[in-house]
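Participant:
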Amino acid sequence: KRGFVGQCLSYDKSALIVSMLEEDQRGRKSKSNSSDLFVFTRNTDEGGWNRPIALEGINSTGSEISPWLTPDGKVLFFASSKSKDGLGSYDIYYSKRLDSTKWTEWSKPVSLGKKVNTPGFDAYFITDPFNRYGYFSSDNGQKDGLSDIYRISLKELFSDIPNPGINVDSTALRFITRSTLLIRDTI
Numbered sequence: 330k331r332g333f334v335g336q337c338l339s340y341d342k343s344a345l346i347v348s349m350l351e352e353d354q355r356g357r358k359s360k361s362n363s364s365d366l367f368v369f370t371r372n373t374d375e376g377g378w379n380r381p382i383a384l385e386g387i388n389s390t391g392s393e394i395s396p397w398l399t400p401d402g403k404v405l406f407f408a409s410s411k412s413k414d415g416l417g418s419y420d421i422y423y424s425k426r427l428d429s430t431k432w433t434e435w436s437k438p439v440s441l442g443k444k445v446n447t448p449g450f451d452a453y454f455i456t457d458p459f460n461r462y463g464y465f466s467s468d469n470g471q472k473d474g475l476s477d478i479y480r481i482s483l484k485e486l487f488s489d490i491p492n493p494g495i496n497v498d499s500t501a502l503r504f505i506t507r508s509t510l511l512i513r514d515t516i
């Protein structure tokens, strides 16, 4: 048995990346109560899903949550509580898929840095279908327990990262209030 924390289905529906809590062989939750990322791949022969495989190059001694794949399936965003190079309790990272035929081979995770991460909780990064903007949740280091939703241009986010592995377009970081969320995009 496993406790599911979050998931993301690839656009082509060939893989499901899941953040989940593992149980030990006696059925107890792990003592660390941490979650890791696993990938389920479609079993085309039997019509279901294969057993989950841990994303070993991505999982850390902390927890990994909120996986998100770009529409082309080449870049994985997620949040991690690993504190060695983090700014807050959870920070957002990305990793590039190294082989387009395998869902288990990923580059070393890279922090999105201070353009996104704060001294607090930052997670749930997603992109729009055209890779123009990233949206994420952050409490911005505030102690009130409330998070806000932010939008950042991926062009701005990756402007100082050579070969980020993602095609980007647009500009500016924008704050979206806690109240009614209305997104209008012109194409």
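Here the sequence shown is numbered in this note's numbering, starting from 330 and rising by one per residue. Glycine is no exception: its CB is placed at the ideal position from the N, C-alpha and C atoms.
1. Out of curiosity, what's the CA-to-CA distance linking Phe406 and Pro438?
2. In the stretch 394-447, which residue ranges form an unbroken beta strand (DSSP E) of at least 3 residues, counting only runs that do not cross its ends?
3. If you run the structure through DSSP and keep just helix, strand and coil, what is Leu384?
4. Between the Cα of Pro381 and those of Phe369, Asn388 and Ser392, spot the shortest distance and give me the residue it belongs to.
5. Going by Cα to Cα distance, which pick from Phe459, Ile478, Gly335 and Lys431 is closest to Ser467?
6. In the DSSP output, which residue or residues are listed as bridge partners for Asp477?
7. From what residue to what residue does the alpha helix (DSSP H) around Lys484 run?
8. Please state whether DSSP places Gly376 in a helix, a strand or coil.
9. Between the C-alpha atoms of Val334 and Phe450, what's the straight-line distance to the nearest angstrom?
10. Of the choices Tyr340, Pro458 and Gly402, whose alpha-carbon is the least far from that of Lys431?
11. Does DSSP put Asp451 in a helix, a strand or coil?
Facilitator: Here's the rundown:
1. Within the sequence shown, residue 406 is the residue found at index 77, counting from 1. Within the sequence shown, residue 438 is the residue found at index 109, counting from 1. Cα-Cα distance, rounded: 9 Å.
2. 404-409 and 420-425
3. Along the sequence shown, read from residue 1 onward, the residue named residue 384 stands at position 55. Three-state DSSP puts Leu384 in coil, outside helix and strand.
4. Here residue 381 corresponds to residue number 52 of the sequence shown, with the count starting at 1. Minimum Cα distance to Pro381 is reached at Phe369.
5. Here residue 467 refers to the residue found at position 138 when the sequence shown is read from its first residue. Of the candidates Phe459, Ile478, Gly335 and Lys431, the one whose C-alpha sits nearest the C-alpha of Ser467 is Ile478.
6. As a first step, residue 477 must be located in the sequence shown, where it is residue number 148. According to DSSP, Asp477 bridges with Ser467.
7. If you number the sequence shown from 1, residue 484 lands on position 155. Looking at the DSSP string, the run of the alpha helix (DSSP H) that includes Lys484 is Leu483 to Leu486.
8. For the purposes of this step, residue 376 is taken as residue 47 along the sequence shown, with counting starting at 1. If DSSP states are grouped into helix, strand and coil, Gly376 belongs with coil.
9. The residue labelled residue 334 in the question sits at position 5 within the sequence shown. The residue labelled residue 450 in the question sits at position 121 within the sequence shown. Going by the C-alpha atoms only, they are around 16 Å apart.
10. As a position in the sequence shown, residue 431 is number 102, starting the count at 1. Among Tyr340, Pro458 and Gly402, the Cα nearest to that of Lys431 is on Gly402.
11. For the purposes of this step, residue 451 is taken as the residue at position 122 of the sequence shown. DSSP places Asp451 in strand when its eight states are reduced to three.
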